[in-house]
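Undergrad: I have a structure here, written as structure tokens, and I will follow up with some questions on it.
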């Protein structure tokens with residue numbers, strides 16, 4: 005009897021111990037069930053390519069924390085791309101349709117392919133790399149920049165926005181993100197005016213400039229008298245000479261975002277990570293020529309001279325005067341080219357040629373400066389008894405405003421990534437200026453060393469580039485789900 009009671013007691017003790025153990029594990033088990041994602045939801049999300057929850061709930065803190073940028077890999081690619089140059093390192097010279105330009109394009113296309121993008125090119129060499137979304141019929145979200153480089157410039161201008169865009173796609177893929185709208189990278193042809201004197205050539209055509217398309221087919225030549233069409237064909241483009249095929253319809257993209265170095269010192273000076281661009285200044289370019297009488301520098305006395313060189317010098321000072329008269333820090337003017345003919349130390353210049361750049365965030369104020377410059381050119385010609393043989397407004401573009409939704413998404417992305425940012429104006433102009441004509445637009449700036457650009461000392465740190473790529477990635481993700 006005692007043995008039976010002992011056995012019963014042991015059984016009860018074991019049962020109580022099991023109940024105790026189960027009770028202690030039950031809360032954590034329930035908690036695990038509460039926090040574990042519903043496998044049905046996960047399957048539906050994988051199938052659809054985007055969350056079944058409200059888009060605003062996705063891509064915020066959870067996605068932000070999963071974004072991992074290969075900063076060293078990006079820096080390596082920038083170094084590799086800089087080797088395609090007609091100038092020795094650390095300078096970069098990469099001019100439209102040259103052998104180095106063609107090789108650099110091939111390098112970028114290979115990177116796009118490795119990222120799993122479908123790649124195509126248009127008639128002037130704008131390159132597109134697309135990641136199809138789950139609803140590919142919706143207008144895509146685009147990003148990109150340029151890789152051409154003015155003589156003896158740096159490695160980062162434009163390049164960060166192209167290679168950084170490819171890395172942004174890779175970042176999103178590594179995070180497991182699946183876009184609803186397709187994401188497309190654009191490498192724009194000839195943002196710099198180096199060869200044909202036309203800035204943002206590729207994006208102007210994408211925005212539908214019929215006048216430019218016609219000029220490129222008929223009259224535009226470079227300094228060696230090579231026509232645009234001839235140069236394009238030498239690089240494998242413009243085979244049928246129909247440049248209207250490049251035009252995109254308004255609304256082709258849901259949004260366009262460009263990542264770029266600031267090219268100024270503000271972000272670095274203020275210790276900020278990101279600049280959210282709200283507007284791009286309105287640019288204009290002028291060509292001016294004076295013609296006088298040349299002569300011997302010693303034999304022709306000062307009262308008898310009609311010096312085209314002095315007329316050009318006086319106009320250059322007039323540009324500065326009229327810009328300062330606007331009394332706005334946003335108005336700028338530059339005489340970037342001043343050439344004298346025949347260009348001998350002992351010869352009075354018989355001809356002079358100036359190319360003038362003036363910009364402002366206020367289009368009317370900039371146009372007033374242009375009018376004053378033209379009035380001064382006529383006055384100077386009369387006073388110095390020389391001929392004003394040319395006063396040509398090459399381009400007179402309006403400013404571009406960033407889209408409010410795009411600004412909001414860029415700012416949100418910066419905040420969610422714990423990156424400091426400020427709203428700012430781009431005083432340099434970019435392909436985004438022309439993309440704004442066909443799509444809502446925004447730009448992301450990152451700091452660059454001392455604001456240097458268009459010179460070999462141009463530099464942005466791997467950390468700053470990684471921050472920019474993260475903001476770009478998250479912004480693309482947010483817009484893709486809208």
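Residue numbers (the working numbering): 5 to 486. Cβ atoms here follow ideal geometry from the backbone N, Cα and C, with glycine treated the same way.
Report all residues from its chain with a CB closer than 7 Å to the CB of residue 269; omit the five preceding and five following residues, and keep chain order.
TA: Once the five neighbours on either side are set aside, the close Cβ partners of residue 269 are 454 and 455.
Undergrad: With DSSP collapsed to three states, give me the class of residue 117.
TA: Three-state DSSP puts residue 117 in a helix.
Undergrad: For residue 237, I'd like the list of residues in its chain whose CB is within less than 8 Å of its CB, leaving aside the five on either flank, ordered along the chain.
TA: The answer, listed in chain order, is 243.
Undergrad: Does residue 318 come out as helix, strand or coil in the three-state DSSP assignment?
TA: Three-state DSSP puts residue 318 in a helix.
Undergrad: Look at residue 356 and residue 313 and say whether their C-beta atoms are less than 9 Å apart.
TA: Yes. Within cutoff.
Undergrad: Below 9 Å between beta carbons: does that hold for residue 359 and residue 341?
TA: A contact, by the Cβ cut-off of 9 Å.
Undergrad: Looking at the unbroken beta strand (DSSP E) that takes in residue 242, where does it start and where does it end?
TA: Premise fails: residue 242 is in no beta strand (DSSP E) and is neither H nor E.
Undergrad: Buried or exposed: which applies to residue 427, given that a residue is buried once 16 or more other Cβ atoms fall within 10 Å of its Cβ?
TA: Exposed.
Undergrad: Please report the residue range of the beta strand (DSSP E) in which residue 287 lies.
TA: Element bounds for residue 287: 286-295.
Undergrad: Let me know if residue 349 comes out buried or exposed under the rule of 16 or more other beta-carbons within 10 Å of its beta-carbon.
TA: By the 10 Å Cβ count, residue 349 comes out exposed.
Undergrad: Tell me where the beta strand (DSSP E) around residue 262 begins and ends.
TA: Counting along the chain, the beta strand (DSSP E) containing residue 262 begins and ends at 257-265.
Undergrad: Alpha carbon to alpha carbon, how far is residue 435 from residue 320? Give it in angstroms, no decimals.
TA: The straight-line gap from Cα to Cα measures roughly 28 Å.
Undergrad: State whether the segment 380-400 contacts the segment 430-450, with contact taken as three or more CB pairs (one from each stretch) at a distance under 8 Å.
TA: Verdict: no, contact absent.
Undergrad: Should the segment 219-226 be regarded as contacting the segment 106-125, the criterion being three or more beta carbon pairs within less than 8 Å?
TA: As far as the Cβ criterion goes, the segment 219-226 does not touch the segment 106-125, which means the pair count is below three.
Undergrad: Suppose you measure from the CA of residue 422 to the CA of residue 443; what does that come to, to the nearest Å?
TA: Computed Cα separation, rounded: 28 Å.
Undergrad: What does the alpha-carbon distance come out to for the pair residue 189 and residue 318?
TA: Roughly 46 Å separates the two Cα atoms.
Undergrad: Measuring straight from C-alpha to C-alpha, what distance separates residue 128 and residue 339?
TA: When rounded, the distance between both Cα atoms is 30 Å.
Undergrad: Counting only runs of 3+ residues fully inside the segment 362-435, write out the beta strand (DSSP E) ranges in chain order.
TA: As far as the segment 362-435 is concerned, its whole beta strand (DSSP E) runs of at least 3 residues are 391-400 and 425-430.
Undergrad: Let's see if you can read the secondary structure: which residues bound the beta strand (DSSP E) around residue 154?
TA: Residues 153-157.
Undergrad: What three-state label does DSSP hand residue 270 in the structure shown?
TA: Helix, per DSSP.
Undergrad: Under the rule that 16 or more other beta-carbon atoms within 10 Å means buried, what is residue 130, buried or exposed?
TA: Buried is the call here.
Undergrad: What did DSSP end up calling residue 98 once you bin it into helix, strand or coil?
TA: Reduced to three states, the DSSP call for residue 98 is strand.
Undergrad: With a CB to CB cut of under 6 Å and the five nearest residues on each side skipped, what residues in its chain are close to residue 293?
TA: Closer than 6 Å at the Cβ level, and outside the excluded window around residue 293, lie 357, 393 and 394.
Undergrad: With DSSP as the reference, identify every bridge partner of residue 148, one or two as the case may be.
TA: 190.
Undergrad: Using the three-state DSSP reduction, which class does residue 201 fall into: helix, strand or coil?
TA: DSSP places residue 201 in coil when its eight states are reduced to three.
Undergrad: With a cut-off of 8 Å, do at least 3 Cβ pairs link the segment 277-293 to the segment 459-466?
TA: Not touching, per the Cβ criterion.
Undergrad: Please report how far the alpha carbon of residue 419 lies from the alpha carbon of residue 87, in whole angstroms.
TA: Straight-line Cα distance between these residues: approximately 36 Å.
Undergrad: Quick one: what does DSSP say residue 356 is sitting in, helix, strand or coil?
TA: It is a strand residue.
Undergrad: What does residue 124 pair with, by DSSP beta-bridge criteria?
TA: Per DSSP, 132.
Undergrad: Return the CA-CA distance between residue 153 and residue 304, expressed in angstroms with no decimal places.
TA: Taking the straight line joining both Cα atoms gives about 44 Å.
Undergrad: Shortest alpha-carbon distance to residue 353 belongs to which of 173, 337 and 310?
TA: When only C-alpha atoms are compared, the closest one is 310.
Undergrad: Keeping to the same chain, check which residues put their C-beta closer than 8 Å to that of residue 300; ignore five residues upstream and five downstream.
TA: Counting only Cβ-Cβ distances below 8 Å, and skipping sequence neighbours, we find 350, 351 and 352.
Undergrad: So residue 334 packs on residue 364, CB below 8 Å; how close in whole Å?
TA: Rounded, the Cβ-Cβ distance is 5 Å, consistent with contact.
Undergrad: Using CA atoms only, rank isn't needed, just tell me which of 116, 140 and 85 is closest to residue 256.
TA: With distances taken between Cα atoms, residue 256 lies closest to 140.
Undergrad: Cβ atoms of residue 399 and residue 477: under 9 Å apart, would you say?
TA: Contact flag unset, no.
Undergrad: Under 9 Å between the Cβ atoms of residue 155 and residue 97?
TA: Yes.
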